[in-house]
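Heads up, the thing below is written out as structure tokens.
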Amino acid sequence: MAWIVLVVSGVLETVWASALARSAGFSRLVPSVVFGVALVLSMAGLAFALRTIPVGTGYAIWVGIGAVGTAAYGMAVLGEPVTTARILCLVLIVGGVVGLKFVH
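This is how it looks when you write it as structure tokens:
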């Protein structure tokens with residue numbers, strides 16, 4: 001259960017980071033509210049998962065999911081550049097996250 005919560009919390013990190021970008025410095029209400037709710041849920045899920053998953057492993061996986069998700073969102077939705085180097089770096093992050101899960 002902790003691993004499922006950790007993955008969902010990582011996805012919520014993508015949500016709050018994307019909402020933060022859309023909030024225009026908290027000047028737009030809906031993205032600001034989405035940011036706050038997703039942030040609280042993401043942190044609560046991380047805290048729950050870290051009750052049974054080692055902090056180094058759990059935090060690295062949470063950040064990795066959030067970083068890859070946010071970068072993918074930026075490329076797919078926000079028009080950020082899609083380059084071979086960026087994709088390769090994201091694949092390396094995914095490989096590290098999967099590796100951490102397997103060595104846990």
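For what it's worth, the UniProt record's numbering labels the leading residue of the sequence shown as 1, then goes sequentially. Glycine included, every Cβ here is placed at the ideal spot set by N, Cα and C. All values reported here derive from a predicted model rather than from experimental measurement.
In the DSSP assignment, Arg28 falls outside any alpha helix (DSSP H), carrying neither H nor E.
Contact annotation: the stretch 61-77 touches the stretch 5-16, with at least three C-beta pairs closer than 8 Å.
Sorting Leu100, Trp16, Val55 by C-alpha distance to the C-alpha of Val40 places Trp16 at the top.
Shortest Cα-Cα distance from Ala19 to any of Met1, Leu78, Ile87, Cys89 involves Leu78. In chain order, Pro31, Ser32, Phe35 place their CB closer than 6 Å to the CB of Ser23, counting only its own chain and leaving out the 5 sequence neighbours on each side.
In the three-state DSSP reduction, Glu80 falls in the coil class, being neither helix nor strand. When rounded, the separation of the alpha-carbon atoms in Arg51 and His104 is 14 Å.
In the three-state DSSP reduction, Arg86 falls in the helix class (H, G or I). Take the alpha-carbon of Pro81 and the one of Leu46: they are about 30 Å apart.
Here Thr70 is near Thr14, since their CB atoms are less than 8 Å apart.
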